[in-house]
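Heads up: the sequence shown begins at 106 in my numbering, then just goes up one per residue.
What follows is a short report on a single structure.
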Amino acid sequence: MTESWFRPADFLVANPVAWSVSCEAFFYLLFPFVIRPLLRLRLPALAIIAAAGLLIEWAYWFFVQDLIDPKQYWIQLSWYLRFPPIRFIEFLLGMIAAAALLRGWRPKLNLWLALSTVPASVLLLWAGARQGWWGAHWSQQGLVPACVLVVLAAAIRDISGRPSIFRSKPLVALGAWSYAFYLVHLSVIHWLMGPVTPSSAGWSNLKVLLIWAVMGIALTWACYRWVEHPVERFLRNLYPRRVPPAPPAPQEPQELAAASEERTEVVLTGHGVLSQEFEPGVYRSTGSYEVR
């Protein structure tokens, strides 16, 4: 839970990708303190915070390039890459997107067009790295806007009730297993490096990728089925969900009329004000009394 806060990269020896767990623990610790203020903000303020967050993250990457020893570039970069406060910006962007949708924001985003921005961003980042415009490590930060667009477009499609491939059972299941896949995928690759390592670049390596994918997904399902999901249910049962009380059943017109007549016969002592002077169901103040 603390490995992402400290240098050097030796903390990544066992399962390197597990560094994200310490980041996510930090994110969810801050979540209740950040989401409430965000939900009170209007759309322009949310947009300003999102833009500022992106600029801070990109400026951070330009800044740290001068701090990295070229002889240990990737070793030192790994710490900057996983530093929780800077990665929190990406989590913050997700909260801002959710807050904007809850505010009623519904941009006209085509899901397939949003999806196309991902490969387009990859090509742009690759070409820029080839030209020396930015480092290869920009592949993650440069993909953030495209990923936010995809999430927004998919969420809006779900809210509107339109058909979506992302609601199909296979993709929903893969989505539920996705974090477990992330945690085991590199270990599976290392386990298979000996027997199925590709010899050279070529289309024949697709069968190797297929073996990696099948074994990774199978292990992912086992981890989710027997570890992640049972632990999640256990934690949820510790704190039962608060269910709001059901709204009162609608009254029949005759009952409403009788209730209204009953209210008109009430005299507010001390003020001499009859309740028929007030519309039923409307709160108004009369001195020290609230009348309904």
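Yeah, the Cβ is synthetic: ideal placement off N, Cα and C, and Gly gets one too.
Predicted model only: the values in this text are computed from it and were never measured.
| Item | Value |
| --- | --- |
| Segment contact flag, the region 143–150 with the region 202–219, C-beta cutoff 8 Å, min 3 pairs | yes |
| Of the listed residues F167, L279, L340 and L134, nearest to V319 (C-alpha basis) | L279 |
| Whole-angstrom distance between I154 and A203, CA atom to CA atom | 14 Å |
| For T222 and N120, the rounded distance between their alpha carbons | 31 Å |
| Continuous alpha helix (DSSP H) stretch holding L291: start and end | K274 to V301 |
| Own chain residues within Cβ distance below 7 Å of V289, not counting five before or after | G321, L324, T325 and C328 |
| Assigned secondary structure, K312 (DSSP; H/G/I helix, E/B strand, else coil) | helix |
| Where L268 sits in the DSSP three-state scheme | The question names Leu, but residue 268 in the sequence shown is Pro. DSSP places P268 in coil when its eight states are reduced to three. |
| C-alpha gap between V126 and N310, whole angstroms | 31 Å |
| P300 versus L291 - alpha carbon distance | 16 Å |
| Assigned secondary structure, M106 (DSSP; H/G/I helix, E/B strand, else coil) | coil |
| Rounded separation between L314 and P224 - CA only | 19 Å |
| I140 - DSSP class collapsed to helix/strand/coil | helix |
| Environment of R267 [buried if 16+ CB atoms lie within 10 Å] | exposed |
| P335 (DSSP reduced to helix, strand or coil) | helix |
| C-beta atoms of R229 and S244 nearer than 8 Å | Per the sequence shown, the amino acid found at residue 229 is Leu instead of Arg. No. Outside cutoff. |
| Boundaries (first-last residue) of the alpha helix (DSSP H) holding V169 | L148 to V169 |
| N-terminal and C-terminal residue of the alpha helix (DSSP H) that A219 is part of | L216 to Q236 |
| Contact under 8 Å by Cβ, S273 with R262 | no |
| Limits of the unbroken alpha helix (DSSP H) element including F193 | P189 to L207 |
| Element boundaries [alpha helix (DSSP H), containing S244] | W243 to Q246 |
| Exposure of E108, with buried meaning 16 or more beta-carbon neighbours within 10 Å | buried |
| S283 to P275 span [Cα, whole Å] | 12 Å |
| For W326, three-class secondary structure by DSSP | helix |
| Sequence-distant residues of the same chain with beta carbon closer than 6 Å to C128, five excluded per side | S109, P189 and R192 |
| Beta-carbon spacing of W124, Q246 below 8 Å | no |
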